[in-house]
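Okay, structure first, notes after.
In my numbering, the protein residues as written are 2 to 132.
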């Protein structure tokens, strides 16, 4: 079963792409992200184009030509994610929490008309009414 999380693309899309594409390396399934058959890394790095992949606008913003985008993506992917980003991404994926700024989460909660953030631990306080 797949776990998903809504993300603030402007802030986290590239980090999420790098996180997903480096998972096979972290789990020992491949030595390099491009070596894993099911990874989109090879497409983004330009070594194995895949017509099923629709590139995000933020990927297109990496350069004016395919060569510039691919080179920029490779350079970006060569830098490891920070421990803070890894922890945020792990928590979002494992717990199904949205990933983004406080403003993004508040807007998401308003649109969904339900709680999208983790509730405080424990039983809610009982509200005493005078009747």
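Using N, Cα and C, we set each Cβ at its ideal position, and we do this for glycine too.
Predicted model only: the values in this text are computed from it and were never measured.
Where the alpha helix (DSSP H) through residue 30 begins and ends: According to the DSSP assignment, residue 30 belongs to no alpha helix (DSSP H), since it is labelled neither H nor E.
Three-pair Cβ contact test at 8 Å for the region 5 to 24 versus the region 76 to 84: Judged by Cβ distances under 8 Å, the region 5 to 24 makes contact with the region 76 to 84, as three or more pairs qualify.
Bridge partners - residue 100, DSSP secondary structure assignment: According to DSSP, which records beta bridges pairwise, residue 100 is partnered with 8.
Distance, residue 113 Cα to residue 93 Cα: Rounded to the nearest angstrom, the two C-alpha atoms are 17 Å apart.
Cutoff 7 Å; reference residue 89; Cβ partners in own chain excluding five residues on either side: Correct list, in chain order: 100.
Chain-order list of residues whose beta-carbon lies under 8 Å from that of residue 110 (same chain, five-residue window excluded): If we look at residue 110 and ignore the five residues flanking it on each side, its Cβ neighbours are 116, 117 and 118.
C-beta atoms of residue 139 and residue 105 nearer than 7 Å: With the chain covering only 2 through 132, there is no way to say anything about residue 139.
Closest residue to residue 5 among 108, 95, 39 and 31 (Cα-Cα distance): That would be 95, whose Cα lies nearest to the Cα of residue 5.
Alpha-carbon to alpha-carbon, residue 73 and residue 61: So the two alpha carbons sit approximately 10 Å from each other.
Local Cβ density within 10 Å of residue 97, reported as buried at 16 or more and exposed below that: Residue 97 comes out exposed.
Alpha-carbon spacing of residue 28 relative to residue 103, whole angstroms: Approximately 31 Å, taken between the alpha carbons.
Pair within 7 Å by beta-carbon distance, residue 133 and residue 34: Shown here, the chain extends from 2 to 132; a query on residue 133 therefore has no answer.
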